[in-house]
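Asker: Residue 4 is where the sequence shown starts when you use this note's numbering, and the numbers rise one by one after that. Glycine included, C-beta positions come from ideal geometry on N, C-alpha and C. All figures in this text were calculated on a predicted structure; none of them were measured in a lab. Handing you a structure now.
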Amino acid sequence: MLNGKVLDGKALSAKVREEVKEKVNAFVGRHGRPPGLDVILVGENPASVVYTRNKERTAKEVGIRGALHTLPGTTTEAELLHKIDELNRDPNVDGILVQLPLPKHINEERVLDAIDAGKDVDGFHHVNTGLLSSGRSALVPCTPIGCMRLLAESGISLDGAHAVVLGRSNIVGKPVAQLLLKENATVTIAHSRTRDLPALCRTADVLVAAVGRPELVRGDWVKPGAVVIDVGINRIERDGKFVLVGDVAFDEVKEVASAVTPVPGGVGPMTIAYLLSNTVDAATARLSRLVRHKGVFLEAAR
Ligand code: NAD
4 MLNGKVLDGK ALSAKVREEV KEKVNAFVGR HGRPPGLDVI LVGENPASVV
54 YTRNKERTAK EVGIRGALHT LPGTTTEAEL LHKIDELNRD PNVDGILVQL
104 PLPKHINEER VLDAIDAGKD VDGFHHVNTG LLSSGRSALV PCTPIGCMRL
154 LAESGISLDG AHAVVLGRSN IVGKPVAQLL LKENATVTIA HSRTRDLPAL
204 CRTADVLVAA VGRPELVRGD WVKPGAVVID VGINRIERDG KFVLVGDVAF
254 DEVKEVASAV TPVPGGVGPM TIAYLLSNTV DAATARLSRL VRHKGVFLEA
304 AR
């Protein structure tokens with residue numbers, strides 16, 4: 004039996020944050036201000052409160068100006084759209100993130116599409132999802148980029164490999180499948196209606212699990228030597244305590260896989276690191292576009 008290598012997302016995310024810090028310093032040197040990330044939280048969902056605070060704090064740690072806008076759960080869709088419009092127009096705001104899920108009375112699609120596509124650091128705007136699916140450069144959702152960086156770290160060659168993605172959400176499943184395709188993997192997207200999931204998974208050289216079902220993927224679902232990326236975060240009660248587990252039965256899978264991500268400490272920390280990376284990339288791209296436009300304008304005015 005192969006002995007599974009644990010892909011340490013915590014250590015790798017620290018490396019990514021160092022890379023971001025360097026890019027932030029270069030940005031400050033060029034533009035005289037730090038990139039800015041504005042996070043909007045509507046309501047008091049306890050997990051969302053923790054996530055948004057972490058995002059704001061980690062942004063500040065790498066030198067990004069982080070701001071958290073907390074709006075009450077009774078905020079109307081029109082009020083939220085007004086706030087987004089204000090941030091879209093603010094020249095010092097480079098990245099806007101609306102924390103999901105939103106309260107039921109607010110239409111998520113309308114809100115995400117209201118964000119300036121160039122400031123959409125979550126990569127959920129239809130322009131960015133369209134660019135990604137046509138293989139063009141775009142702001143790409145953070146969790147999928149994190150998965151790809153972990154795969155790169157595992158050393159597996161994706162060219163021609165069979166990648167099975169469990170889950171077809173817009174946040175993880177679909178974009179990670181697009182990125183794998185871009186790297187020339189042969190990609191199968193599986194979901195809740197897929198037949199004989201264990202047999203399909205056993206054909207995978209790369210298995211990405213993003214379903215939100217605790218420890219669904221068992222050791223005997225995994226081809227020996229495959230690389231397994233566990234995106235799931237599930238809070239379950241075990242031996243009278245609440246613990247976090249992924250969508251993969253880690254102890255079983257690590258005996259079979261050549262590499263596997265743990266939960267916590269795998270994909271989770273990578274997501275936040277790539278949010279920061281997207282922010283500095285969005286800032287750099289936007290400001291260089293503005294300079295180009297100004298150049299064209301000056302050219303025309305001459
Ligand atoms: P989602 O609920 O939007 O989508 C789940 C997908 O899984 C659906 O496409 C569904 O068809 C599929 N599915 C459900 N049950 C299945 C089953 N029994 N067999 C096969 N497919 C099944 O979820 P999501 O937003 O994509 O998130 C998935 C998981 O990843 C959740 O646990 C979430 O908390 C976690 N997550 C983690 C991060 C991170 O940073 N680590 C980021 C986003 C999501």
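How far does the alpha helix (DSSP H) with Asn131 in it reach, from first residue to last?
Answerer: Here residue 131 is taken as the residue at index 128 of the sequence shown, counted from 1. Note, Asn131: alpha helix (DSSP H), His129 to Ser136.
Asker: Have a look at the DSSP bridge pairing and note the partners of Asn237.
Answerer: Position 234 of the sequence shown holds residue 237. According to DSSP, which records beta bridges pairwise, Asn237 is partnered with Val248.
Asker: Looking at the structure shown, is Ile192 part of a helix, part of a strand, or coil, going by DSSP?
Answerer: Position 189 of the sequence shown, counted from the start, is the residue given in the question as residue 192. Three-state result, Ile192: strand.
Asker: Contact defined as beta carbons within less than 8 Å: I believe Thr274 pairs with Pro38. What is the distance between those atoms, to the nearest angstrom?
Answerer: As a working note, residue 274 is residue 271 in the sequence shown. As a working note, residue 38 is residue 35 in the sequence shown. With a Cβ gap of about 18 Å, Thr274 and Pro38 do not count as contacting.
Asker: Answer with buried or exposed for Ile239, where buried requires no fewer than 16 other C-beta atoms within 10 angstroms of its C-beta.
Answerer: Numbered from 1 along the sequence shown, position 236 holds the residue referred to as residue 239. So Ile239 counts as exposed.
Asker: Confirm, please, whether the CB-CB distance from Gly271 to Ile236 is below 8 Å.
Answerer: On the sequence shown, position 233 is the one that residue 236 refers to. On the sequence shown, position 268 is the one that residue 271 refers to. The answer is yes: Cβ separation under 8 Å.
Asker: What span of residues does the alpha helix (DSSP H) with Val114 cover, start to end?
Answerer: Counting from one through the sequence shown, the residue named residue 114 turns up at place 111. That run of the alpha helix (DSSP H) goes Glu111 to Ala117.
Asker: Can you tell me whether Ser16 is buried or exposed, with buried defined as 16 or more other CB within 10 angstroms of its CB?
Answerer: Here residue 16 refers to the residue found at position 13 of the sequence shown. Ser16 should be labelled buried.
Asker: Can you tell me whether Leu115 is buried or exposed, with buried defined as 16 or more other CB within 10 angstroms of its CB?
Answerer: Position 112 of the sequence shown holds residue 115. It counts as buried.
Asker: Give a yes or no on contact between the segment 164-182 and the segment 192-207, applying the rule of three or more CB pairs nearer than 8 Å.
Answerer: Yes, the segment 164-182 is in contact with the segment 192-207.
Asker: Hey, would you say the C-beta of Thr274 is under 7 Å away from at least one heavy atom of the ligand NAD?
Answerer: As a position in the sequence shown, residue 274 is number 271, starting the count at 1. Checking the Cβ of Thr274 against the ligand NAD gives yes.
Asker: Just tell me which of Gly133, Leu44 and Val31 has its CA closest to the CA of Pro106.
Answerer: For this step, residue 106 is matched to residue 103 along the sequence shown. Cα-wise, what sits closest to Pro106 is Leu44.
Asker: Assuming Gly35 is part of the beta strand (DSSP E), what are its boundary residues?
Answerer: What you label residue 35 is simply residue 32 of the sequence shown in a count that begins at 1. It is not in any beta strand (DSSP E) - Gly35 carries neither H nor E in the DSSP assignment.
Asker: Name the one or two DSSP bridge partners that Thr73 has.
Answerer: Reading the sequence shown from its first residue, position 70 is the one you call residue 73. DSSP output for Thr73 lists Leu44 as bridge partner(s).
Asker: Can you name, in chain order, every residue of its own chain whose Cβ lies under 8 Å from the Cβ of Thr189, other than the five neighbours on each side?
Answerer: By one-based count along the sequence shown, residue 189 stands at place 186. For Thr189, where only same-chain residues beyond five positions count, the Cβ hits under 8 Å are Gly163, Ala164, His165 and Ala166.
Asker: Does Ala50 come out as helix, strand or coil in the three-state DSSP assignment?
Answerer: Your numbering for residue 50 matches position 47 in the sequence shown. DSSP places Ala50 in helix when its eight states are reduced to three.
Asker: Assign Val168 to one of three DSSP states: helix, strand, or coil.
Answerer: As a working mapping, residue 168 is identified with position 165 in the sequence shown. Here Val168 sits in strand by DSSP.
Asker: I need the straight-line Cα distance from Ala252 to Val130, nearest angstrom please.
Answerer: Residue 252 sits at position 249 when you count from the first residue of the sequence shown. Residue 130 sits at position 127 when you count from the first residue of the sequence shown. Using only the alpha carbons, I get a separation of about 36 Å.
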